[in-house]
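Residue numbers (our numbering), protein chains in the order written: chain A, -19 to 308; chain B, 27 to 415; chain C, 660 to 794.
Note that beta-carbon positions come from the ideal geometry of N, C-alpha and C, so glycine has one too.
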């Protein structure tokens, strides 16, 4: 996009800031027990204040109230949402269409913040007014370059009484990967990926494939050994650095080890791994060192020098990998 | 023919682009802009340049840069491997070319869309060269996917062994952030940081918090290297190379040298220190300021020890609120460094080393005669000492 | 009736009991319809597939409803939710086990902030901070 064209686009999107997306919307039904019960069924709620007048009176709420996170549900459009919004129906749709038409085709819900002034009571009617609150400068993100758009919705009842508010932030972006992470819907905060991710696998080459095969076939931890001078080496390499021999075999490690050092990894998070990860360098009893992962141990219980024992972890996809846990 | 690189070459020009999170231009555009600025800074013509050196990781080939900038005939070019470990290597290769007559005026450069394009901090899961894959496969399946995770393993052990704490790391981060407040070209200009800000930043890979980690930025930075004699006739006061070396130590891996006896030390930096001190005839007490590579704060502590500014395990006592700034024991990364100026893979730290010699730093200490600059930590690396003409 | 925690009884860092939730198509569709969200990707697999996902996925309101239930089931019936801040991550789909974990991150007078994370095989699905007013 030329600088001029971009300036024009930015000027146009800025005109949306501060605009209500349309007139206030009032929920079709007042707060009612059947909808609350249906919500509780799906969410697995058994809260006494949501489901039964008798038990509700024993709580701080004193009477039946609606679950707080249901606030937006009272004003959702319902059935007509299935038709989609190819034709923009309000200012928010028009803003998104404008960006979409300029190459910002991805949408990702990123954050919400909801403040509940109080829980809603049976019979109350909910009205919502949504305003386009802000549009960020153009930002570089993991998904691609784009704009964060924040809308703020205020909720009131039939008497104009404040019930709470919600801000919702979406990223409208030019997909960096040519569209693979194109989002699912305006409401969806979910990036699309084609296959269920799993941990990154080693490629099997001449110098390393045998090691992973032995792990998988023998449920063991092999260590490469020079067939001539007997020196152990890990990670495997094609020549002995002590005697120059290219002949090698391997031994099975006992699995006993001590923790040399570790890190608890929180960010960035890659698909296929569960965070936090305790990644470690361990000293095998045989004298070699290896990178691995500590499991069956809380991060706060990990300490340098602790005794460990090996276990073979088998992932959902059948991949096997040697991990360590605190020695029993 | 010279037998060492002592006083055989000098930095006569520096050039840099704006540093940003989204340059909006190609990496070639950034590369040519900073190269041209380095040539202009030295006050010569592009046609007088006959050598170029960059990173193996750089996407802008030497001949593309030469053709775009208007550099004519070239008799020397080269690329240096290992990410930020290459920084000083560029200067070493250029100095060798100048000293031997392979080229007269060599420009070294690094330009990257490090935030809006291929990001380093995102780790090795993406575009990986296949010959590397086997190496990284000893780490990736275990979740060790990013530079922060590899350095964290060493930092954890170092802190455990010597009793260094987050507060010591914070002094490094806060001092450099303070330096950036006087540097309008720094990404963190106008964004000061308190101890609370630091402590409240999120854990990335324990013990590293977000503010222990350098940034990711778009930009380019270049240096022009020539002979000390030719430099005298150019526009700027030259920074003469007193000593320069690359250094890789036994058992070296590119970022995962976890198999040596002592993981709480940087033997490749100790090798670099021994070499540059010997070549220059200088020692730690002669160094007036430094730009120690600072992708992660614990690297500063470990380098202070490797270069003999303090004893092993004593960096935690050396690093205080004001030891690494003007008036302190060793003013370090006076421009903000990779932590607070920009992540130009270390070339911007070399440029600051030159400014310190010229007396032009945004935080200029008095009487700077010798400046030490280092390359990437935990990788095959290097060190250089600049001196006054 | 279950007792409700007082803020003074909580310790920062204290963990809530784990909840591993098996996600089914019924839960995804039921949650969407209970929140009056008829966007096809939340009840119609073919609509989700046409958008590049392998299956229909949970809408935000259901995720929030389940997390809210998780927090108040632990805190007790007299805990009032006053604020929810949500950071959205990857999708949660039928067949996924949503591992919900929570911990106390701060207390302030009668208020307490509880951080809830929901992770599945795709990575982080949601991170939410619930502010509770406690008796």
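Q) In the structure shown, what three-state DSSP assignment does residue 72 (chain B) receive? A) Numbered from 1 along the second chain, position 46 holds the residue referred to as residue 72 (chain B). Residue 72 (chain B): helix per DSSP, three-state reduction.
(Q) Residues of chain A with CB closer than 7 Å to the CB of residue 699 (chain C), please, in chain order. (A) Position 40 of the third chain, counted from the first residue, corresponds to residue 699 (chain C). 62, listed in chain order.
Q. Would a check of beta-carbon distances place residue 118 (chain A) closer than 8 Å to chain B?
A. As a working mapping, residue 118 (chain A) is identified with position 138 in the first chain. Chain B, which has a Cβ nearer than 8 Å to the Cβ of residue 118 (chain A), makes this yes.
Q. From what residue to what residue does the alpha helix (DSSP H) around residue 144 (chain A) run?
A. Position 164 of the first chain, counted from the start, is the residue given in the question as residue 144 (chain A). Premise fails: residue 144 (chain A) lies in the beta strand (DSSP E), 142 to 155, not in any alpha helix (DSSP H).
**Q.** Rounded C-alpha distance that separates residue 111 (chain A) from residue 70 (chain A)
**A.** Counting from one through the first chain, the residue named residue 111 (chain A) turns up at place 131. Counting from one through the first chain, the residue named residue 70 (chain A) turns up at place 90. Taking the straight line from one Cα to the other gives about 11 Å.
**Q.** Residue range of the beta strand (DSSP E) that includes residue 271 (chain A)
**A.** Counted from its first residue, the first chain places residue 271 (chain A) at position 291. Residues 269 to 274.
**Q.** Within chain A, the residues that residue 178 (chain B) reaches when beta carbons sit closer than 7 Å
**A.** For the purposes of this step, residue 178 (chain B) is identified with residue 152 of the second chain, where counting begins at 1. Those are 243, listed as they occur along chain A.
Q: Would you grab the beta carbon distance between residue 738 (chain C) and residue 745 (chain C) for me? Rounded to a whole angstrom, and I think it's under 8 Å.
A: Position 79 of the third chain holds residue 738 (chain C). Position 86 of the third chain holds residue 745 (chain C). At roughly 18 Å, the Cβ-Cβ gap does not stay under 8 Å, so residue 738 (chain C) and residue 745 (chain C) are not in contact.
Q. Do we get a CB-CB distance below 8 Å when we pair residue 152 (chain B) with the residues of chain A?
A. Locating residue 152 (chain B) in the second chain gives position 126, counting from the first residue. Because the pLDDT of residue 152 (chain B) is 43, which lies under 50, any placement of that residue in the model is unreliable, and the number read from its coordinates should be weighed accordingly. Cβ-Cβ to chain A under 8 Å: no for residue 152 (chain B).
Q) With burial defined as no fewer than 16 other Cβ atoms inside 10 Å of the residue's Cβ, what is the status of residue 756 (chain C): buried or exposed? A) Within the third chain, the letter at position 97 stands for residue 756 (chain C). Exposed.
Q | At least three beta-carbon pairs within less than 8 Å, the segment 765 to 778 of chain C to the segment 684 to 703 of chain C | A | no
Q: Just the chain A side, please: which residues come within less than 7 Å of residue 141 (chain B) by C-beta, in chain order?
A: Taking the first residue of the second chain as 1, we reach residue 141 (chain B) at position 115. Those within 7 Å of residue 141 (chain B) in chain A are 120.
Q: Pick helix, strand or coil for residue 169 (chain A), following the three-state DSSP scheme.
A: Residue numbering aside, residue 169 (chain A) sits at position 189 when the first chain is read from its first letter. Because residue 169 (chain A) carries a pLDDT of 38, less than 50, the predicted location of this residue cannot be relied on, and no value is offered for it.
Q: Alpha carbon to alpha carbon, how far is residue 215 (chain A) from residue 272 (chain A)? Give it in angstroms, no decimals.
A: Position 292 of the first chain, counted from the first residue, corresponds to residue 272 (chain A). Position 235 of the first chain, counted from the first residue, corresponds to residue 215 (chain A). For residue 272 (chain A) and residue 215 (chain A), the distance between alpha carbons rounds to 12 Å.
Q: Compare the C-beta of residue 43 (chain A) with all C-beta atoms of chain C and state if any pair is closer than 8 Å.
A: The sequence position of residue 43 (chain A) within the first chain is 63, counting from 1. It does not; no Cβ of chain C falls within 8 Å.
Q) Between the beta-carbon of residue 254 (chain B) and the beta-carbon of residue 192 (chain B), is there less than 8 Å? A) Stepping through the second chain from its first residue, residue 254 (chain B) is reached at position 228. Stepping through the second chain from its first residue, residue 192 (chain B) is reached at position 166. No, these two residues do not count as a Cβ contact at 8 Å.
Q. If you scan the segment 38 to 84 of chain B from start to end, which runs of the beta strand (DSSP E) of 3 or more residues do you find wholly inside it?
A. 77 to 81
**Q.** CA nearest to the CA of residue 231 (chain A), picked from A:248, A:268, A:250, A:252
**A.** Here residue 231 (chain A) refers to the residue found at position 251 of the first chain. Of the listed residues, the one whose Cα sits closest to residue 231 (chain A) is A:268.
**Q.** Cα-Cα separation between residue 141 (chain B) and residue 107 (chain A), rounded to whole angstroms
**A.** To locate residue 141 (chain B), count along the second chain from 1; it is residue 115. To locate residue 107 (chain A), count along the first chain from 1; it is residue 127. Taking the straight line from one Cα to the other gives about 43 Å.
(Q) Run through chain A and tell me which residues come within less than 8 Å of residue 775 (chain C), C-beta to C-beta. (A) To locate residue 775 (chain C), count along the third chain from 1; it is residue 116. Within chain A, no residue comes near residue 775 (chain C); the closest Cβ sits about 12 Å away, beyond 8 Å.
Q) Roughly how many whole angstroms lie between the Cα atoms of residue 202 (chain A) and residue 233 (chain A)? A) Translated into the one-based positions of the first chain, residue 202 (chain A) becomes position 222. Translated into the one-based positions of the first chain, residue 233 (chain A) becomes position 253. Spanning the two alpha carbons is a distance of roughly 6 Å.
Q: State whether the segment 88 to 97 of chain B contacts the segment 386 to 406 of chain B, with contact taken as three or more CB pairs (one from each stretch) at a distance under 8 Å.
A: no
Q) Under the DSSP definition of a beta bridge, which residues are partnered with residue 114 (chain A)? A) In the first chain, the residue the question calls residue 114 (chain A) occupies position 134. Per DSSP, A:130.
Q: Can you have a look at residue 136 (chain A) and say buried or exposed, based on whether 16 or more other CB atoms are within 10 angstroms of its CB?
A: Against the first chain, residue 136 (chain A) aligns to sequence position 156. So residue 136 (chain A) ends up on the buried side.
Q. Which word fits residue 60 (chain B), buried or exposed, when buried means at least 16 other C-beta atoms lie within 10 angstroms of its C-beta?
A. Residue 60 (chain B) sits at position 34 when you count from the first residue of the second chain. Its Cβ being crowded by 16 or more others within 10 Å, residue 60 (chain B) is buried.
Q.
Tell me the rounded alpha-carbon separation between residue 246 (chain B) and residue 6 (chain A).
A. Position 220 of the second chain, counted from the start, is the residue given in the question as residue 246 (chain B). Position 26 of the first chain, counted from the start, is the residue given in the question as residue 6 (chain A). In a straight line, the C-alpha of residue 246 (chain B) is about 55 Å away from that of residue 6 (chain A).
Q: Leaving out five residues on either side along the sequence, give the residues of the same chain with a beta carbon under 7 Å from the beta carbon of residue 257 (chain A).
A: Position 277 of the first chain holds residue 257 (chain A). Around residue 257 (chain A): 245, 273.
Q) Is residue 103 (chain B) close to chain A, meaning its C-beta is less than 8 Å from at least one C-beta of that chain? A) Locating residue 103 (chain B) in the second chain gives position 77, where the first residue counts as 1. No, residue 103 (chain B) lies away from the interface with chain A (no Cβ there is under 8 Å from its Cβ).
Q. Who are the neighbours of residue 686 (chain C) on chain A, taking C-beta pairs under 8 Å?
A. The count along the third chain starts at 1 and reaches residue 686 (chain C) at position 27. Those are 22, listed as they occur along chain A.
**Q.** Backbone secondary structure at residue 263 (chain B) - three-state DSSP
**A.** Stepping through the second chain from its first residue, residue 263 (chain B) is reached at position 237. In the structure shown, residue 263 (chain B) sits in coil (DSSP, three-state: anything other than H, G, I, E or B).
Q) Taking contact to mean at least 3 C-beta pairs separated by less than 8 Å, is the segment 90 to 104 of chain A in contact with the segment 45 to 64 of chain A? A) yes
Q. Which word fits residue 114 (chain B), buried or exposed, when buried means at least 16 other C-beta atoms lie within 10 angstroms of its C-beta?
A. Within the second chain, numbered from 1, the residue matching residue 114 (chain B) stands at position 88. Answer is buried; the Cβ neighbour count reaches 16.
Q) Would a C-beta distance cut-off of 8 Å place residue 289 (chain B) and residue 180 (chain B) closer than the cut-off? A) Against the second chain, residue 289 (chain B) aligns to sequence position 263. Against the second chain, residue 180 (chain B) aligns to sequence position 154. Yes. Within cutoff.
Q. Does the segment 306 to 322 of chain B come within contact of the segment 666 to 675 of chain C, defined as at least 3 CB pairs closer than 8 Å?
A. no
Q) What residues in the segment 245 to 269 of chain A have a beta carbon less than 7 Å from any beta carbon of chain B? A) 245, 246, 247, 248, 250, 253, 257, 259, 261, 269
(Q) Would you call the segment 289 to 301 of chain B in contact with the segment 98 to 105 of chain B, where contact means no fewer than 3 C-beta pairs closer than 8 Å? (A) no
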